[in-house]
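According to full-length UniProt numbering, the residues represented by the sequence shown are 1 to 489, in order. Note that beta-carbon positions come from the ideal geometry of N, C-alpha and C, so glycine has one too. In what follows, a single structure is set out as structure tokens and then discussed.
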Amino acid sequence: MNQVAALLPQSRHLFSKLRHFTDQKSLPDGKSLHVHLLKTGLFPACALLSSTLLNFYAKCHLFSEARLLFAEMPHKEDAVSWNILINSYSQLGLAHYSFSALQLFKEMLQHRSLPNSHTFAGIFSAAAILEDEVMARQAHCVVVKFVDSCDVFVYSSMLNVYCKLGFLDGGRKVFDEMPDRNSITWSTMISGYASQRLGNEAFGVFRGMMSEGEEEVNEFGVTSVLSAFTSAEFVDNGKQVHSLAIKNGLSEIVSVGNAVVTMYAKCGSLKDAVRVFELSTDKNSITWSAMITGHAQSGDGEKALVLFKEMHFRGMKPSKYTIVGVLNACSDTEEIIMGKQVHAYLVKLGFEFQMYIMTALIDMYAKCGFIVEAQKGFDHLHDADLVLWTSMIGGYVQNGDNESAISLYCRMQMEGIAPNELTMASVLKACSSLSALEQGKQIHAHVVKNGFTLEVPIGSALSTMYAKCGSLDDGNAVFRRMPARDVVS
């Protein structure tokens, strides 16, 4: 006999009403019933009604009331009441609630209440939201210790957190141990590889899914594996998946069409991308963005700008990636008027504080020769990252303002921003142009101090700097120590 059947008729009626109030999120009715349960002593005496009342408050997101109720409940030996709170916290998908879920899990273990598969599903979800590797691994260990056999839901949650955190070895181990897989777990494993640009591994899992024959080709598997194909070497794999999508009647689904266009564009097969794009009857902003970015990356800036204008005319709102593609197109075509219009547009969209976009904007102004506007954009940001600093230094060098490039590099050092190879190569180029040997030697010292090797970007820039400054012996010494050389060096 289950718990509901074991209730007296009156209690069964109260249980049904409370479930209904929970579904409707009816606070006045639920609170009124809470008062009735207190008066009759059914709370906290009846474990099922008590946990159902707890679920009511949790589902209504009244967590202060839920925690007070939970503290008064004597029935904490099993996992039911713990799971209600843990899963309600994690299902909201917010960091502070996920943290509360993890804290409650620790309390549960201290209380010696045994977790079950529902507990772990909530914990792995919370760990994924918080990107908490330590908790994910600890929870995995607890699963091994306390749970004899996991259901697919727990395995899926474990797999999701490992893939989201980029620990694909752990994720693959979980995936391989799963007794049963469904379309979600297959797609999660594929997406995990795709997120790390591991196209071969993603395609291998996709083929495994097909060969087992237990899962039909579906839009999630197709879009996941297509997102892994980001360079020309994968275009044939992409065509195979595209053919499968057509064969299985998936090509008309918007998400699949977007993924196909994006794949062809990223793989440099613009003819195929254009063909699919033009045949599509349901284009959205993602489809347009893929085409614009693809043309910009292939060097056809003029076509990218034409597409952006048409996209804007059709009322499609661009994403930040579209904006970057358009700014890159403006850089390539030196379309400063269009670039300034895009600048005004991105401010209107609230993108002016996003580093990814501002780097492209500064690069556009610098390449078009408007270095003052580039500097204004740079100064507008208070927490510029390394990429932005490097872009601004490179912009000065490109426009012949080498003193400002060196000055900005010194300022960067004072602010504690560690340079990368591109930063060093740019500032060395500035020293070369100025024949500033002493400053060049100081930069060389920074190269050594920061542990950079004399690979082509830095080694070539150093040897060129010494040669242009008339210090041929130093230049030859650098040249001889380079592990590889290009035409410039």
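When the five nearest sequence neighbours on each side are left out, the beta carbons in the same chain lying within less than 7 Å of the beta carbon of A304 are those of I292, H295, A296, G325, V326, A329, in order along the chain. In this model, F21 and R12 are separated by some 14 Å (Cα to Cα). Ranked by Cα distance from F167, the first of F15, S64, E133, V142 is E133. Going by beta carbons, A430 and N399 fall outside the 8 Å limit.
C-alpha of V143 to C-alpha of F120: approximately 7 Å in a straight line. Under the three-state reduction of DSSP, V217 is assigned to coil, being neither helix nor strand. Around the beta carbon of P419, a 10 Å sphere encloses 16 or more other beta carbons of the protein chains shown; the residue is thus reported as buried. Selection D332, E373, V372, L381 evaluated against F353 yields L381 as nearest (Cα-Cα). Nearest to I443 by C-alpha distance, out of W389, E278, Y409, is Y409. Assigned with DSSP and collapsed to three states, K76 falls in coil, not helix or strand. A distance below 7 Å between beta-carbons, with the five flanking residues on each side excluded, links S125 to the following residues of its chain, in chain order: S90, S157. If you draw a straight line from the Cα of T185 to the Cα of N87, it comes to about 20 Å.
Nearest to G268 by C-alpha distance, out of A290, S251, L250, V447, is A290.
Going by C-alpha positions, T223 is about 26 Å away from D151. In this chain, the alpha helix (DSSP H) harbouring S98 covers 95-110. Distance check between D363 and each of W389, F146, E278 places W389 closest, using alpha-carbon atoms only. The beta carbons of G394 and S435 sit about 20 Å from each other, so the pair does not count as a contact at 8 Å. In summary, H61 is exposed, with fewer than 16 beta-carbon neighbours lying within 10 Å of its beta-carbon over all protein chains present. Secondary structure of E310 (DSSP, three-state): helix.
The straight-line gap separating the alpha-carbon atoms of K320 and C163 is approximately 25 Å. Contact between M189 and G171 is confirmed by a C-beta separation of about 7 Å, below the 8 Å threshold. With a cutoff of 8 Å on beta-carbon distance, H75 and L53 are scored as not near each other. Residue burial is scored here from C-beta neighbours: T281 has fewer than 16 other C-beta atoms within 10 angstroms and is therefore classed as exposed. Judged by DSSP in its simplified three-state form, M364 adopts helix. In the three-state reduction of the DSSP assignment, A436 falls in the coil class. Per DSSP, F370 lies in no alpha helix (DSSP H) and is assigned neither H nor E. Ranking V276, Q110, S471 by CA distance to the CA of G257 puts V276 first. Each of V397, T287, K39, V254 was checked against the Cα of K266, and the nearest Cα belongs to T287.
Closest by C-alpha distance to K106, out of L130, D78, Q138, L386, is Q138.
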